[in-house]
């Protein structure tokens, strides 16, 4: 079946602009995660949605970052007033639930470059 | 100190070699240990998952966890060029999110 999809695959933006990154999880998966992967920093957790519960935003690096998940499915990560240090690959993952026994399936990522 | 430390490599080996990839972690509360493989321009995919100390084998891959020394290993036997990728170790406490190492790049030459 279809895996996790993300769009766009690449995004180049100017410093100070806002960007929106989209994630379509696997159908039926209630848990959705956003991670950021940058050179030298590895994969860092950003935010976690589980069903209708309040999201875990503990990994968001600043208030310029926000995310929403509409109808328990598609999620959008928004970065306002982008900075050069925001350049990274943004990865989305989904799983059947947030329980440990359920594997997280990753999308291919959105490569963001801030010039 | 990062919670999970991993040598970034690259690690270059000839085809057929036994590969050893390692991570250390600092938080003794971590209970679950995973290895992900990530090909260039792709998302990570789960390779192995273990809960307790000891070994877990799956084909050419063996995951080893030593909780007393907070050490995680992945062994690849009879390595193939198709194994060339970045290998990420990850840990988790209960319902928490994953904490990843930075990844080790492996290059297997034919």
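Chains as they are written, first to last, in the working numbering: chain A, 1 to 115; chain B, 116 to 225. By construction, the Cβ of each residue, glycine as well, lies at the ideal position given by its N, Cα and C atoms. Keep in mind that this is a model prediction, so the values were computed, not measured.
DSSP places residue 94/A in the uninterrupted beta strand (DSSP E) bounded by 88-95. Looking only at 222/B, 219/B and 213/B, the smallest Cα-Cα distance to residue 103/A is reached by 213/B. A straight-line Cα-Cα distance of about 20 Å links residue 77/A and residue 97/A. Beta bridge pairing from DSSP links residue 129/B with 224/B.
By DSSP's assignment, residue 44/A forms a beta bridge with 36/A. Looking at the DSSP output, residue 11/A sits in a beta bridge with 112/A. DSSP places residue 205/B in the uninterrupted beta strand (DSSP E) bounded by 200-207. Of the residues 157/B, 191/B, 215/B and 148/B, the one whose Cα lies closest to the Cα of residue 136/B is 191/B. For residue 104/A, the secondary structure class from DSSP, reduced to helix, strand or coil, is coil.
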